[in-house]
Amino acid sequence: MLFEQLLIVGIITGSVYSLVGVGFTLVLGVGKVANFAHGSFVAVGLYLALFASDTLRLNAYEAFVPAVILFALIGVAVAELFEWRGRKVGEIGELLIGLALLLLIGGLLEVLFSDTPRTINGLVLGHVDIAGLIISGTEFVAVAFTLVTAVSLYLFLRGSRWGRALRAVADNGEAAGLYGVRVPVARRAAVTISIVVAGAAGIVISPFTVLTPDVGSTYLISAFAVVIVGGIGNALGAVLAGIGIGIVTSLSSGYLASYWTSLAPLIVILLVLLLRPGLSEAV
Amino acid sequence: MQTLTTGVQRLAIGATIASLALVATACGSSNSGGSGAAKTPSTITLGEITDLSGVASFYGIPENHGAQIAVDQINAAGGIKSLGGAKLAIKTFDTASNPDNGQTEATAAVGAKVAAVFGGEISDTVLAGINVTQRAGIPWVDAGGTANEIHERGYNTVFQAVHDSTQFAAEWLDVAQLAAQKLGVSNPTVAIAYSESSYGDELYQAWNTAAASTGMKTVTSFGYPLTTTDFSSIAARLAASNADIILNMGYPADGLALAKLFATQSKPKAKIVLLAGSDAGAVTGQLASQANGALMIGDIVPGVKGLPASFTTFYNDYESKYHSAPDSQSMSGYICVEFIAAALQKAKSDSPSAITKALHSVTLTQMTGDIYPDPTTLSFASDGALNNAPFYAAEITDGVGKLIWPTDVAETTITAYGK
Numbered sequence: 127m128l129f130e131q132l133l134i135v136g137i138i139t140g141s142v143y144s145l146v147g148v149g150f151t152l153v154l155g156v157g158k159v160a161n162f163a164h165g166s167f168v169a170v171g172l173y174l175a176l177f178a179s180d181t182l183r184l185n186a187y188e189a190f191v192p193a194v195i196l197f198a199l200i201g202v203a204v205a206e207l208f209e210w211r212g213r214k215v216g217e218i219g220e221l222l223i224g225l226a227l228l229l230l231i232g233g234l235l236e237v238l239f240s241d242t243p244r245t246i247n248g249l250v251l252g253h254v255d256i257a258g259l260i261i262s263g264t265e266f267v268a269v270a271f272t273l274v275t276a277v278s279l280y281l282f283l284r285g286s287r288w289g290r291a292l293r294a295v296a297d298n299g300e301a302a303g304l305y306g307v308r309v310p311v312a313r314r315a316a317v318t319i320s321i322v323v324a325g326a327a328g329i330v331i332s333p334f335t336v337l338t339p340d341v342g343s344t345y346l347i348s349a350f351a352v353v354i355v356g357g358i359g360n361a362l363g364a365v366l367a368g369i370g371i372g373i374v375t376s377l378s379s380g381y382l383a384s385y386w387t388s389l390a391p392l393i394v395i396l397l398v399l400l401l402r403p404g405l406s407e408a409v
Numbered sequence: 167m168q169t170l171t172t173g174v175q176r177l178a179i180g181a182t183i184a185s186l187a188l189v190a191t192a193c194g195s196s197n198s199g200g201s202g203a204a205k206t207p208s209t210i211t212l213g214e215i216t217d218l219s220g221v222a223s224f225y226g227i228p229e230n231h232g233a234q235i236a237v238d239q240i241n242a243a244g245g246i247k248s249l250g251g252a253k254l255a256i257k258t259f260d261t262a263s264n265p266d267n268g269q270t271e272a273t274a275a276v277g278a279k280v281a282a283v284f285g286g287e288i289s290d291t292v293l294a295g296i297n298v299t300q301r302a303g304i305p306w307v308d309a310g311g312t313a314n315e316i317h318e319r320g321y322n323t324v325f326q327a328v329h330d331s332t333q334f335a336a337e338w339l340d341v342a343q344l345a346a347q348k349l350g351v352s353n354p355t356v357a358i359a360y361s362e363s364s365y366g367d368e369l370y371q372a373w374n375t376a377a378a379s380t381g382m383k384t385v386t387s388f389g390y391p392l393t394t395t396d397f398s399s400i401a402a403r404l405a406a407s408n409a410d411i412i413l414n415m416g417y418p419a420d421g422l423a424l425a426k427l428f429a430t431q432s433k434p435k436a437k438i439v440l441l442a443g444s445d446a447g448a449v450t451g452q453l454a455s456q457a458n459g460a461l462m463i464g465d466i467v468p469g470v471k472g473l474p475a476s477f478t479t480f481y482n483d484y485e486s487k488y489h490s491a492p493d494s495q496s497m498s499g500y501i502c503v504e505f506i507a508a509a510l511q512k513a514k515s516d517s518p519s520a521i522t523k524a525l526h527s528v529t530l531t532q533m534t535g536d537i538y539p540d541p542t543t544l545s546f547a548s549d550g551a552l553n554n555a556p557f558y559a560a561e562i563t564d565g566v567g568k569l570i571w572p573t574d575v576a577e578t579t580i581t582a583y584g585k
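One line per chain: the protein sequences are D and L, in this order.
Convert by adding 126 to the 1-based position in the first sequence; the result is the number in our numbering.
Convert by adding 166 to the 1-based position in the second sequence; the result is the number in our numbering.
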């Protein structure tokens, strides 16, 4: 019974990792930006849901569409920042911008919401009892949202003209430019989409997550792990990697001593790096 | 030329003498605490080294607020009378929930020439800081760090105004045994999850030592990293253990996460759920009746049996100033300042060494600073540990924390978790 429960818990946790990783793989693969603030935008989504619940009396799903629009605007602004200032200074400049945003967002959340751990209650979508574990409807929604987002992104990158342009930029930006692809626009689009996905992830997981201002850094670490295992720019790979890492973490936490909880996923990452010759396998 | 040189020389000598006179005057009129100057200070500065930001600010901010209420009350009553009515002031040093900052902020406090230091919510932070204050001879009254090592280091300047790990474990063991007895559970089994920090490790070891003689059997126990944010698998593991008692020795966010998971995902069969690091007021504020049945640290509110008048005054002043009810850490901050004030009064001096000496022998009564209903007096043992440290446990009933320990102030009877 414990094994089944840990497996289910791992899938749910892993789907959260996947959701965060899907956006990160896009910004890394196409935008060519290691956005250290990516996890922070998940935290912004979480606290936006808290604000909507406490102040506007809206649940996460009612606040979803307005939040996505807001994140799109934020994404455009951040993308412009990376493109306008980051490119001038180079990769180091982009890293510094990401770090600055990470610190700024964390500090802002702490000032606005304090460090008190918070939960959001009230949204009830029913539940299912599986192997003695109660899976709430909100967790099912999060898993479904992950799959829909990953598949949509995959189909977009594969099947649409714009998606092919983004893939071209991911493979070789200079060559893509010579073929008429507006590379700066493509990069901006990748950063914007990644921030929208990160923020939306925060909204969707808010009903079952404990909020603290530094929760974003946890998601950043998991995003890196997902991208390394799943491949840069590979949306479906991010889903599989996230769920895999979630299951490994859950099982090691359930059966092994605590140091394995941190070590086990890292060993998996190391094995993947050793067995796979290249990191970048853009879709 | 010779005359000019002589004139310049005379000017230089005169300027030097004037400067020396000014410096001597300035030294003689110092008003800061800890100077030991013959002149009575008008203000005595106390340094509060605690977590005013970061995750531990959840405890650090109420501690600061409680301390400030004590300062306000003492100053309004005329200050430290044996020192000519000297007023108290608090200067804060934020360790930002990072133990690495303990030494840095303690150094800053020493540099600010505070008369005494109080505060601290993370044991590792206090342990780092007391090395600095001990060397400087400045007393530190610890408000929240529970590690035994804080008073076992042998530092004569350190006073632990809160239960240590041994006391804390013994208190929770008493609560567990009482709950088992009330619920008809004989030879109860325990499943333990503890945070891997100085606090959690030590509490776990202290529990094992105390429980060894009671026959209470631990069926599973495991630590989890301090940085854990996802408790899903931990909750599943605890719930699957089929133990009679589930015990978490963690931080406030840990207990909050587990309480939510036990209510929504991994329903334990255990009749008794102890969240040793969580505060009832904070958890019910987030989860309300979802936390029903869980036992955790209780808050004292008006109406509890045996409350001294000083508590009611403290409670009303706190609510009036901060628009929220005080919690256990607010009371701890208050007590720290009361101890230091009593020491200043007794020592008739604001020198750190005199305060340290006095702290070893002062006693707070319910008329002189002890705002707890139990115990009725507070004092330090020779090693700096607190004699009869206050401890209150509550059960969440209908979304509200009701005291169940000590039994003489209990507000409700213990019920099984999940009923």
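Ideal placement from N, C-alpha and C gives every residue a C-beta, glycine not left out.
Contacts that residue i makes with chain D (C-beta to C-beta distance below 8 Å)
| i | result |
| --- | --- |
| Tyr365(L) | Result: empty, since nearest Cβ-Cβ is about 15 Å, beyond 8 Å. |
| Thr395(L) | Val336, Thr338, Val341, Thr344 |
| Ser398(L) | Val135, Ile138, Thr139, Ser376 |
Residue i, enclosing beta strand (DSSP E) - first and last residue
| i | result |
| --- | --- |
| Ser476(L) | Not the beta strand (DSSP E): Ser476(L) falls in the alpha helix (DSSP H), residues 475-488. |
| Gly268(L) | Where Gly268(L) is concerned, there is no enclosing beta strand (DSSP E), although the alpha helix (DSSP H) it sits in stretches over 267-277. |
| Gly213(L) | 209-216 |
Chain D contact residues for residue i, given Cβ-Cβ distances below 7 Å
| i | result |
| --- | --- |
| Gly220(L) | Asp241 |
| Lys433(L) | Ile260 |
| Pro418(L) | Pro243 |
| Ala406(L) | Met127, Leu128, Gln131 |
| Glu362(L) | Ser384 |
Cβ of residue i within 9 Å of any chain L Cβ
| i | result |
| --- | --- |
| Arg183(D) | no |
| Ile138(D) | yes |
| Tyr385(D) | yes |
| His253(D) | yes |
| Gly380(D) | yes |
| Leu399(D) | no |
Residue-level contact to chain D via CB, residue i, 9 Å cutoff
| i | result |
| --- | --- |
| Ile466(L) | no |
| Gln495(L) | no |
| Thr450(L) | no |
| Phe388(L) | yes |
| Leu422(L) | yes |
| Phe163(L) | Residue 163(L) is absent from the model: chain L starts at 167 and stops at 585. |
| Val566(L) | no |
| Ile227(L) | yes |
Residues near residue i by beta carbon distance below 6 Å, same chain, minus five either side
| i | result |
| --- | --- |
| Ile260(D) | His253 |
| Gly245(L) | Gly251, Ala252, Lys253 |
| Ala236(L) | Tyr500, Val503, Glu504 |
| Val330(D) | Ala268, Phe271 |
| Asn267(L) | Thr261 |
| Tyr345(D) | Val146, Gly165, Val168 |
| Phe538(L) | Correcting the residue type first, residue 538(L) is Tyr in the shown sequence and not Phe. Contacts found: Pro556. |
Contacts that residue i makes with chain D (C-beta to C-beta distance below 9 Å)
| i | result |
| --- | --- |
| Leu453(L) | Thr245, Asn247 |
| Lys426(L) | Thr245, Asn247, Phe334, Val336 |
Partners in chain L for residue i, counting only beta-carbon separations shorter than 9 Å
| i | result |
| --- | --- |
| Ser87(D) | Examination of residue 87(D) is not possible in this model, given that chain D is present from 127 through 409 alone. |
Own chain, CB closer than 7 Å to residue i, minus 5 neighbours either side, in chain order
| i | result |
| --- | --- |
| Pro265(L) | Ile288, Asp290, Thr291, Ala294 |
Cut-off 8 Å between Cβ atoms - residues of its own chain near residue i, not counting five sequence neighbours on either side
| i | result |
| --- | --- |
| Val307(D) | Ala291, Ala294, Val295 |
| Asp241(D) | Thr338, Pro339 |
| Ala582(L) | Leu349, Lys437, Ile438, Gly459 |
| Thr479(L) | Gln239 |
First through last residue of the alpha helix (DSSP H) which encompasses residue i
| i | result |
| --- | --- |
| Gln456(L) | Here Gln456(L) belongs to no alpha helix (DSSP H), and DSSP marks it neither H nor E. |
| Gly295(L) | 289-302 |
| Ala348(L) | The sequence shown places Lys at residue 348(L), not Ala. 331-348 is the extent of the alpha helix (DSSP H) around Lys348(L). |
| Gln608(L) | Outside the displayed range of chain L (167 to 585) lies residue 608(L), so it cannot be described from this structure. |
| Val330(D) | 309-331 |
| Glu130(D) | 128-155 |
| Phe271(D) | 263-285 |
| Ile371(D) | 361-381 |
Cβ-heavy atom distance, residue i to the ligand COA, below 8 Å
| i | result |
| --- | --- |
| Gln300(L) | The ligand COA is not part of this structure, which contains no ligands at all. |
Under 8 Å from the C-beta of residue i: neighbouring residues of chain L
| i | result |
| --- | --- |
| Gly370(D) | Neighbours of Gly370(D) on chain L: none; closest Cβ ~15 Å, over 8 Å. |
| Glu300(D) | Ordered by position in chain L, no residue passes the 8 Å Cβ test against Glu300(D), which lies about 41 Å from the chain. |
**Request:** Let me know the beta strand (DSSP E) ranges lying completely inside the stretch 354-423 of chain L, each 3 residues or longer, listed in chain order.
**Result:** 355-362, 383-391, 411-415
**Prompt:** Considering only residues of the stretch 503-570 of chain L, which uninterrupted beta strand (DSSP E) runs meet the minimum length of 3 residues and lie entirely inside it, listed in chain order?
**Reply:** 529-531, 543-545, 559-563
**Asked** Residue ranges of each beta strand (DSSP E) run of no fewer than 3 residues wholly in the stretch 169-231 of chain D, ordered along the chain?
**Response** none
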